[in-house]
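Asks: Before I ask anything, let me first share the structure, which is written out below as structure tokens.
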Amino acid sequence: MPLQMVPVLSKADIAKKVSTLAQRISKDYAHKEVVAVGILKGSFIFLADLVRELTIPVQIDFVRLASYGSDTASSGKVQLTKEIELDLRNRHVLVVEDIVDSGMTIAYLLDHLRQFHPESVKVCAFIDKTERREVEIPIDYVGHVVDHGFLVGYGLDFDDKYRALPEIFHLRQ
Ligand code: IMP
Ligand code: MG
Numbered sequence: 018m019p020l021q022m023v024p025v026l027s028k029a030d031i032a033k034k035v036s037t038l039a040q041r042i043s044k045d046y047a048h049k050e051v052v053a054v055g056i057l058k059g060s061f062i063f064l065a066d067l068v069r070e071l072t073i074p075v076q077i078d079f080v081r082l083a084s085y086g087s088d089t090a091s092s093g094k095v096q097l098t099k100e101i102e103l104d105l106r107n108r109h110v111l112v113v114e115d116i117v118d119s120g121m122t123i124a125y126l127l128d129h130l131r132q133f134h135p136e137s138v139k140v141c142a143f144i145d146k147t148e149r150r151e152v153e154i155p156i157d158y159v160g161h162v163v164d165h166g167f168l169v170g171y172g173l174d175f176d177d178k179y180r181a182l183p184e185i186f187h188l189r190q
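Numbering (our numbering), first residue to last: 18 to 190.
Written as structure tokens, this is what we have:
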């Protein structure tokens, strides 16, 4: 059977959710500066949209973490292949992620960031996929919650495909 693409979030749905998140974040960090740390590659589109709607000063950095091969289930092993470049000491760090599934990637990054002695660390994930969570991690800002399913588009890939789709779809057999 060919893969089916079932629409989950339209461009308008995404825009509304990004605005709501940006407003909450801007309010919570009023009179502060944040460093948004995007996790490559999946977060680049969400991060680009989010930071342009923040009304607080923001600096941007990226790490590259990979746990998925070409499969749709996490290997459980997280690998860091690009390190933070900004000095995070005494900074307010906002981790920006496309989707949280098992939680292993965020758990790894939160632990990794401690050595840089940030003032605070919070997590913003566009999608919180709850069914396969293995480690409890705090997600401070969530755009959309789904129970299960493999999603593509808006940065989310399957085997590095579909990232550039402006909408989010559920990929089904
Ligand atoms: P976790 O470590 O299991 O939480 O996995 C997080 C990473 O797996 C995300 O950064 C995504 O790159 C990838 N991932 C998890 N679920 C999906 C999905 O439904 N579509 C695309 N990528 C996903
Ligand atoms: Mg990712």
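Backbone N, C-alpha and C fix where the C-beta goes; we use that ideal spot for every residue, glycine too.
So for residue 115, helix, strand or coil by DSSP?
Replies: Strand at residue 115.
Asks: Cβ atoms of residue 68 and residue 120: under 8 Å apart, would you say?
Replies: no
Asks: Looking at C-alpha atoms only, which residue of 134, 50, 184, 171 is the closest neighbour of residue 115?
Replies: 171
Asks: With a floor of 4 residues, list each alpha helix (DSSP H) that falls wholly inside the region 89-166, ordered by position along the chain.
Replies: 121-130
Asks: Quick one: does the C-beta of residue 72 sit closer than 7 Å to a heavy atom of the ligand IMP?
Replies: no
Asks: Taking buried to mean at least 16 other C-beta atoms within 10 Å of its own C-beta, is residue 165 buried or exposed?
Replies: exposed
Asks: Enumerate, from N- to C-terminal direction, the unbroken beta strand (DSSP E) stretches of 3 or more residues contained entirely within the region 20-53.
Replies: If we require 3 residues or more, the beta strand (DSSP E) runs fully inside the region 20-53 come out as 21-26.
Asks: Just grab the DSSP bridge partners of residue 71 for me.
Replies: None, per the DSSP bridge assignment.
Asks: Between the C-alpha atoms of residue 63 and residue 18, what's the straight-line distance to the nearest angstrom?
Replies: 31 Å
Asks: Determine the burial state of residue 36: buried for a count of at least 16 other Cβ atoms within 10 Å of its Cβ, exposed for fewer.
Replies: The residue in question, residue 36, is exposed, as its Cβ has fewer than 16 Cβ neighbours within 10 Å.
Asks: Out of 117, 72, 122, 100, point me to the one whose CA is closest to residue 94's CA.
Replies: 122
Asks: Residue 128: beta carbon under 7 Å from a heavy atom of the ligand IMP?
Replies: no
Asks: Can you check whether the CB of residue 102 is closer than 8 Å to the CB of residue 74?
Replies: In this structure, residue 102 does not lie closer than 8 Å to residue 74 by Cβ.
Asks: Is residue 42 closer than 8 Å to residue 82 when the C-beta atoms are compared?
Replies: no
Asks: What do you reckon, are the CB atoms on residue 46 and residue 109 nearer than 8 Å?
Replies: yes
Asks: Taking 7 Å as the line, does the beta carbon of residue 66 fall inside it for any heavy atom of the ligand IMP?
Replies: no
Asks: What separation, rounded to the nearest whole angstrom, lies between the Cα atoms of residue 158 and residue 34?
Replies: For residue 158 and residue 34, the distance between alpha carbons rounds to 11 Å.
Asks: Select from 160, 178, 124 the residue whose C-alpha is nearest the C-alpha of residue 145.
Replies: 160
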